[in-house]
Amino acid sequence: MAAPFKLDDDSVVVVIGSGAGGGTLATDLALKGIKVVCLEAGGRHEIEDFENDEWSNFSKISWLDPRTTSGSWRVARDFPGLPAWIVRAVGGSTIHWAGASLRFQEHEFKARTTYGEIAGANLLDWPVTLAEMEPWYEKAENRMGTTRTHGIPGLPGNNNYKVFEAGAKKLGYKTVSTGNMSINSQPRDGRGACQQIGFCFQGCKSGAKWSTLYSEIPKGEATGNLEVRPNSHVLKIEHDASGKVTAVVYADKSGTVQRQKARIVAVAGNSIETPRLLLNSASNQFPNGLANSSGQVGRNYMRHLTASVYAVFEKPVKMWRGTTMAGIIKDESVHDPKRGFAAGYEMETLSLGLPFMAAFLDPGGWGRSFTSAMDGYENMAGMWIVGEDMPQEKNGITLHATQKDKYGMPVPNVHFDDHPNDIAMRNHAWKQGAAVYDAVGAVRTFPTPPYPSTHNLGTCRMSANARDGVCNKYGQTHDVKNLFISDGSQFTSGASENPTLTIVALATRQAEYIAAEMGKKNI
Amino acid sequence: MTKRDELPAPDKKGLSRRNFLLTGTAAAIVVKGGAIFCPTEAWALEAQALKPTTLRTLIRMARDIYPHDRLADRFYAVAVKGFDTDAARDAGAKALVEEGIAGLDAKAKAAHGVGYADVGWEADRVAILKGMEKDSFFQKVRGTLVVSLYNQKEVWPLFGYEGESASKGGYINRGFNDIAWL
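Taken in order, these protein sequences are the chains called A and B. The opening residue of the first sequence carries number 2 in my numbering; numbering runs sequentially from there. The opening residue of the second sequence carries number 26 in my numbering; numbering runs sequentially from there.
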């Protein structure tokens with residue numbers, strides 16, 4: 002049962018956002034007996050609302066509020082008003098995520114130590130280690146039903162995977178499989194097995210894929226301790242004279258401004274909205290924004306390397322059939338500077354339907370070069386590149402000087418310049434991706450540029466030292482003890498793995514920390 | 026990416042079927058009164074706000090931007106129909122298209138002595154488009170078409186794309202791993 006809490010109830014924890022971080026944290030706190038109000042900017046769409054229709058579903062669930070872009074990244078040219086491709090709905094981006102659930106590697110938690118000094122990069126080691134995270138990864142994999150963990154079998158390979166696997170093996174890659182996916186390969190946790198529908202990015206119609214929308218939040222609500230308020234767009238976090246946060250101001254569905262009092266506030270709005278909110282909460286006491294004594298709020302924005310490789314073959318592949326991303330080659334996900342760059346990348350199967358392929362294969366492309374590629378759609382295979390990009394202080398989120406959204410809040414500008422290391426890695430990945438397909442007879446390959454960012458990371462990073470980042474290793478902000486960062490904004494560096502598993506593991510760990518600190522009356 | 030809801034919705038009912046006496050002559054789109062007609066494909070499109078000649082040229086331009094020889098003209102007609110709908114609502118949108126097409130025709134006349142739609146070779150028409158691909162008119166047309174052409178469900182089977190699958194139980198028993206040539 003949803004538990005309606007009063008606006009002046011100052012004993013509640015307010016969680017902002019209901020995706021991988023916020024939805025998990027809110028549910029875990031509720032399960033521990035802590036009262037939670039979860040404010041979600043978007044509406045609540047259940048599984049029956051999802052459509053196997055790319056554009057229609059895109060307009061229904063995406064975050065389409067105005068944003069601006071700057072910098073030399075190609076997304077600023079191709080999609081100037083849409084820097085990120087994320088979800089505005091209960092469940093957040095766990096509705097459209099692909100399900101890939103990979104642990105970070107030991108050396109990736111020690112980015113600065115492993116990669117050394119790299120000019121222009123603001124590298125830092127995480128204040129946590131893999132050893133410290135392992136039990137939390139275990140818990141996260143168990144709750145999400147990640148394949149190839151806890152005795153859960155891997156997913157079967159679809160046509161797109163079979164091409165990818167055959168090419169990888171011919172090329173001599175050793176670590177190719179259908180990966181660790183939080184998509185049920187057999188019924189589990191009250192949800193059925195994958196029906197190979199495709200359309201993983203449009204919301205899973207069978208519920209086989211883990212999402213906070215139906216896998217977590219209802220469990221939290223059932224305790225009576227969790228109230229999720231959809232259509233609640235947060236504008237500002239308020240604090241008292243002692244510097245503790247006290248309330249969250251938001252616009253409800255009708256646009257009316259409401260104020261929810263809070264004992265603790267946890268921000269999980271994804272790495273653009275989270276720093277935007279802290280910056281917009283500037284006050285006399287915190288003139289540069291809340292929790293920003295380091296000046297790092299909004300900085301070090303990372304988005305993973307990303308690129309894709311599509312290939313056309315002589316005969317049909319029908320890559321859209323079945324699980325979108327159940328396929329991975331991990332061989333390049335190592336730190337091997339001999340390749341000409343630091344850090345590494347994963348190669349993962351990916352397919353788009355015909356409408357999205359037209360928009361993303363070669364943004365801006367037209368004429369016979371483009372359409373002959375589209376004519377090969379049925380014979381196409383595809384992969385996505387997820388590589389570690391360098392954190393750079395100048396890359397990040399700022400409040401637009403003049404442009405405001407419908408709530409009167411300054412729109413966020415997303416600035417990004419590729420680092421030379423990112424460019425070298427992307428070129429390497431394009432070459433290797435094409436080689437995978439050439440090995441099994443591709444007649445034509447396409448080095449496809451990045452899509453609007455789905456992995457938005459690092460804009461409120463955790464650091465051992467308060468001067469280097471925004472929060473400590475539990476996501477608690479260095480400056481404000483009852484204010485937490487609970488999403489991928491916490492990431493000190495990006496690693497080469499899809500971020501969701503780590504976000505969930507951190508949120509689970511944070512819930513335990515918050516409960517303990519509340520018990521000790523520290524917060 | 027352009028927001029989907031700002032785009033003209035592909036409308037399969039946008040074209041009216043008419044009975045024509047097929048004469049066996051070339052499959053051209055003809056302008057008559059306030060409408061354009063495609064005798065061989067047996068459809069007609071009434072112009073609401075744009076000049077019918079403008080619509081005809083837009084269809085030619087649409088095919089030159091995204092040329093698929095397997096697609097009949099009616100798919101391109103549906104894809105550009107939204108420009109006419111928008112022009113009926115918004116004078117600025119109308120001016121952008123009318124002026125854009127007038128500019129296109131002026132360039133074609135200067136180079137080839139005929140309007141754009143009557144330039145014989147695709148390569149010659151594409152050369153004209155290349156010269157204006159940074160212009161807002163071209164950008165608007167291309168950016169709209171990339172959705173309004175490829176998002177037509179009637180187009181999908183012509184590319185082999187199968188669309189929605191959940192109501193059919195996905196592909197678990199319908200060939201998700203049926204590739205045989207590897």
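Glycine included, each C-beta is placed from N, C-alpha and C at the ideal position.
Annotation for A:Thr115: the continuous alpha helix (DSSP H) segment containing it runs 112-116.
Assignment of A:Ala99 by DSSP, reduced to helix, strand and coil, places it in the coil class. The DSSP-derived three-state label of A:Pro276 is helix. The segment 337-353 of chain A makes no contact with the segment 460-476 of chain A, as fewer than three CB pairs between them are under 8 angstroms. Judged by their CB atoms, A:Asp419 and A:Met303 are not nearer to each other than the 8 angstroms cut-off. Classified as exposed, A:Val444 has fewer than 16 neighbouring CB atoms from the shown chains inside 10 Å of its CB. The Cβ of B:Ser161 sits no closer than 8 angstroms to any Cβ of chain A. Taking the beta carbon of A:Thr372 as reference, the chain B residues within 7 angstroms of it are Tyr91, Pro92, His93, listed in sequence order. Spanning the alpha carbons of B:Gln73 and B:Gly59 requires a straight line of approximately 8 angstroms. Between the alpha carbons of B:Gly185 and B:Arg95 lies a gap of roughly 12 angstroms.
Leaving aside the five residues that flank A:Asp126 on each side, the residues in its chain whose CB is nearer than 6 angstroms to its CB run, in chain order, Lys111, Arg113, Thr114.
By a beta-carbon distance limit of 8 angstroms, A:Leu227 does not contact A:Thr501. Their separation comes to about 21 angstroms. Inclusion of A:Gly155 and A:Trp211 in the CB contact set at 8 angstroms is not warranted, their separation being larger than that value. A:Glu394 and B:Gly138 have their C-alpha atoms spaced approximately 57 angstroms apart. Between A:Ile398 and B:Trp206, the alpha-carbon positions lie close to 48 angstroms from each other. From the listed residues A:Ile96, A:Pro84, A:Leu8, the smallest Cα separation to A:Ser19 is found for A:Ile96. With 16 or more neighbouring CB atoms inside 10 Å of its own CB, B:Thr169 falls in the buried class.
Taking a C-beta distance under 8 angstroms as the contact criterion, A:Asp332 and A:Lys482 do not qualify as a contact pair.
Taking a beta-carbon distance threshold of 8 angstroms, A:Asn53 counts as an interface residue toward chain B. Taken in chain order, the members of the segment 435-465 of chain A whose beta-carbon sits within less than 8 angstroms of a beta-carbon on chain B are Val441, Pro453.
In the DSSP assignment, A:Val129 falls outside any alpha helix (DSSP H) and carries neither an H nor an E. Under the rule that a run must span 4 or more residues, the alpha helix (DSSP H) segments found entirely inside the segment 353-408 of chain A read 355-361, 369-376.
Setting aside the 5 residues that flank it on each side, A:Cys201 is surrounded in the same chain by Ala99, Gly100, Lys210, Thr324, Thr325, Met326, each with a C-beta closer than 7 angstroms to its C-beta; the list follows chain order.
At a cut-off of 8 angstroms between beta carbons, B:Gly145 makes no contact with chain A. By the Cβ test, the segment 296-311 of chain A is in contact with the segment 451-464 of chain A, since at least three Cβ pairs between them sit closer than 8 angstroms. Around the beta-carbon of A:Asn457, 16 or more other beta-carbon atoms lie within 10 Å, marking it buried. Taking a cut-off of 8 angstroms for Cβ pairs, the segment 407-416 of chain A and the segment 342-362 of chain A do not touch, as fewer than three such pairs fall below it.
For the pair A:Ala252 and A:Val258, the CB atoms are nearer than the 8 angstroms cut-off. Contact holds between the segment 105-124 of chain B and the segment 158-166 of chain B, because three or more Cβ pairs, one in each stretch, are under 8 angstroms apart.
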